[in-house]
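Engineer:
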Amino acid sequence: RREIWKRLEPFYNDIMSSDDENIIIVSHGDTLSIFNAMWLGLKPDDLNNCDLFGFAGGVSHFIEDDNGKRIIKRLSDMSYIR
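Below is the structure:
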């Protein structure tokens with residue numbers, strides 16, 4: 061996972077420095093679990109103690125409020141299929 065973390069980090073930094081209000085990311089599960097950890101401010105080794113994975117086709121909704129607090133509103137939501 062550390063290898064994926066290192067490859068994902070520049071992309072993550074680009075997203076975090078973007079002025080765009082809405083950004084859509086489509087990726088594979090393991091990469092998204094690492095992105096989720098980055099979003100929460102975790103470190104690579106923290107993923108040895110937890111998983112933040114999702115389902116194929118799952119939709120997540122992340123926001124950062126005006127105070128910089130990062131919030132996961134939905135993680136891998138599949139309700140649109142029902």
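Heads up: the sequence shown begins at 61 in our numbering, then just goes up one per residue.
Note that the Cβ used here is the ideal one computed from N, Cα and C, for glycine as well.
1. Going by DSSP, what residues sit across from R130 in a beta bridge?
2. Rounded to whole angstroms, what's the CA-CA distance from N108 to F122? Just pull it up for me.
3. To the nearest angstrom, report how far apart M138 and A116 are at their CA atoms.
4. Enumerate in chain order the residues of its own chain whose CB-to-CB distance from I64 is below 7 angstroms, with the five nearest sequence positions on each side excluded.
5. Per DSSP, what kind of secondary structure is L68 in: helix, strand or coil?
Structural biologist: Straight from the coordinates:
1. E124
2. 23 angstroms
3. 9 angstroms
4. D90, T91, I94
5. helix
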